[in-house]
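Numbering (the working numbering), first residue to last: 7 to 97. All C-beta atoms, glycine included, are put in the ideal place defined by N, C-alpha and C. All values derive from a computational prediction rather than experimental measurement.
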């Protein structure tokens, strides 16, 4: 199977459609979509994926209405809705 044969899925990030290969994490989809910053710190500073393994929890987003999901530990699903600090105030 070549890269062009890989299954593609479509999700929504902050209301915008994004297409990625199956098996892509939400954190990678955010990078592919050009989203900078997944949430704001208590001090109001933008945060984004740092460790890539769920330890730092800087990549928290809202996925399908569930707040504080770790984008680096969540695989994209077809039809998934992701909201970052750019799309919602509660992450």
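Kindly list the residues whose CB is nearer than 8 Å to the CB of residue 138, restricted to its own chain and excluding five residues on each side of it in sequence; keep chain order. Here the chain comprises residues numbered 7 to 97, so residue 138 is not present and cannot be evaluated.
When you compare only the Cα positions, how much space is there between residue 60 and residue 83? Taking the first residue of the chain shown as position 1, residue 60 is located at position 54. Taking the first residue of the chain shown as position 1, residue 83 is located at position 77. Looking at the two C-alpha atoms, the distance is approximately 19 Å.
For a minimum of 4 consecutive residues, which ranges assigned as the alpha helix (DSSP H) are wholly contained in the stretch 12 to 82? 32 to 38
Given that a residue counts as buried once 16 or more other Cβ atoms are within 10 Å of its Cβ, and exposed if not, what is residue 48? In the chain shown, counting from the first residue as 1, residue 48 sits at position 42. Under this definition residue 48 is an exposed residue.
Using CA atoms only, rank isn't needed, just tell me which of 41, 37 and 24 is closest to residue 91. In the chain shown, the residue the question calls residue 91 occupies position 85. Ranking 41, 37 and 24 by Cα distance to residue 91 puts 41 first.
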